[in-house]
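Here is the structure we will look at.
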Amino acid sequence: MDEFQSLLQTIQRLFNIQCSNYKEDYIKRRLASRMNSRRIPTYKEYQEYLLKNKEEHEALKNALTINVTKFFRDPPVFEVVKTEIFSPILRKKKKLRLWSAGCSSGEEPYSYAIMLYDLTAIQKDVDWMVIATDIDDTILRKAKEGVYEKTSLELVSESQLRRHFKQRDDGKYEIKPHIREKVKFQHHDLMSGVPASRFFDVVSCRNVTIYFNDRQKTDLVHMFYQGLSPGGYYVMGMSEFLSREVEDLFAPFRPLQKIFVRKDTK
Ligand SMILES: C[S@@+](CC[C@H](N)C(=O)[O-])C[C@H]1O[C@@H](n2cnc3c(N)ncnc32)[C@H](O)[C@@H]1O
């Protein structure tokens with residue numbers, strides 16, 4: 043086994059991540075950034091370093107599963123979801139289930155929850171929930187805490203900030219319990235092949251598939267198809283694409299905002 047493969051095995055064992063599911067180039071680039079910052083020239087030496095230095099675990103894990111996110115990232119997407127998806131579903135079904143897959147530190151699912159809370163403040167007889175999942179347990183703990191720097195809140199309106207966040211003594215903002223309680227965070231690996239649950243009206247999986255190879259992306263779309271109700275919506279990241287192989291599963295709904303709708307033959 044070469045040095046790279048041996049290092050991959052160590053990483054898989056330490057973090058419980060299936061490296062074979064990620065593009066090799068991607069892993070090599072992320073590893074190179076860590077090795078450069080530690081001035082370590084070879085995979086073999088980095089493997090030894092990793093085994094001896096626990097503090098490097100966190101740094102490497104962060105490098106492999108970049109968690110960059112913010113509230114209401116890509117506002118036009120949230121606007122379409124609110125007016126063209128949430129409002130009609132709430133009106134017709136009076137019930138809505140959303141899955142935020144690859145939710146990172148919680149900004150995305152809390153943004154959806156804020157919109158749903160505000161919409162249902164007018165229409166009371168409705169039931170909604172947001173399930174938020176990620177593979178990274180450290181980031182999930184942060185998500186559950188719901189404490190944010192002002193920078194990740196720049197797209198939150200003044201009114202939303204006042205109503206749904208509490209400013210703390212240290213200057214950070216904490217999501218209020220009426221929003222926090224509506225979001226259920228759980229560990230879930232998107233490569234497991236099994237959806238977090240079923241009968242979702244909306245699955246939002248944005249800026250996650252950049253780490254996946256083509257086969258994994260296709261499997262993921264099949265999995266979301268299984269997780270959605272007939273006619274349910276799949277929201278992708280702005281730089282992500284639906285491959286031709288899965289055109290029979292989803293039709294464009296608002297292609298500019300990367301929103302697709304589940305096709306159903308029945
Ligand atoms: C860039 S963040 C995206 C956050 C949010 N969806 C957004 O668009 O702002 C990518 C997230 O995907 C998660 N992730 C990567 N691989 C995953 C996997 N196999 N299963 C679940 N989550 C994964 C990472 O841990 C990270 O938190």
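Adding 42 to a residue's 1-based position in the sequence shown gives its number in our numbering. Glycine included, C-beta positions come from ideal geometry on N, C-alpha and C.
If you measure between the beta carbons of residue i and residue j, is that distance less than 8 Å?
i	j	result
Ser271	Phe241	yes
Ser126	Ser246	The question names Ser, but residue 126 is Glu in the sequence shown. No, the pair does not count as a contact, with Cβ atoms beyond the cut-off.
Asp160	Lys136	no
Glu191	Lys214	yes
Asp306	Tyr275	no
Ile221	Tyr154	no
Ser146	Asn109	yes
Leu284	Val303	no
Thr180	Ala143	no
Asn249	Gly269	no
Ile156	His206	yes
Gly188	Glu216	yes
Phe114	Leu182	no
Leu140	Leu132	no
Leu106	Arg71	no
Under 8 Å, Cβ to Cβ, is there at least one residue of chain D near residue i?
i	result
Leu93	Of the protein chains in the structure, only one exists, and it is not chain D.
Identify the residues that DSSP records as bridge partners of residue i: which are they?
i	result
Phe64	This sequence places Tyr at residue 64; Phe is not what is there. According to DSSP, Tyr64 bridges with Phe254.
Arg304	Phe292
Arg139	Met171
Ser246	Ser142, Val277
His229	Asp176
Glu223	Answer by DSSP bridge pairing: none, since Glu223 is not bridged.
Val189	Glu216
Gln209	Tyr215
Leu270	Phe242
Confirm the yes/no value for this check: CB of residue i, any heavy atom of ligand 1, distance under 7 Å.
i	result
Val110	yes
Glu66	no
Asn249	yes
Tyr187	The residue you asked about is not Tyr; residue 187 is Glu in the sequence shown. It does not: the Cβ of Glu187 is nowhere closer than 7 Å to a heavy atom of ligand 1.
Glu149	yes
Lys53	Inspection of the sequence shows that residue 53 is occupied by Ile rather than by Lys. No - ligand 1 has no heavy atom lying nearer than 7 Å to the Cβ of Ile53.
Asp44	no
Met233	yes
Arg115	yes
Gly269	no
Ser199	no
His206	no
Asp290	no
Ile177	yes
Gly273	no
Ile217	no
Ser146	yes
Ile82	no
Val264	Checking the sequence shown, residue 264 turns out to be His, not Val. No, Cβ of His264 sits at least 7 Å from all heavy atoms of ligand 1.
Ile181	yes
Worksheet entry | Contact the region 224–243 vs the region 252–265: 3+ CB pairs below 8 Å | The region 224–243 makes contact with the region 252–265; the number of CB pairs closer than 8 Å reaches 3 or more.
Discussion item. Across the region 170–180 and the region 197–210, are there enough close Cβ pairs to call them in contact, namely three or more that are closer than 8 Å?
Written reply: Output reads no: the region 197–210 does not touch the region 170–180.
Worksheet entry | the region 45–60 in contact with the region 84–101 per 3-pair CB rule at 8 Å | Yes, the region 45–60 is in contact with the region 84–101.
Fill in: Ordered list of alpha helix (DSSP H) runs contained in the region 72–104, each at least 4 residues
Complete alpha helix (DSSP H) runs here, min 4: 85–94.
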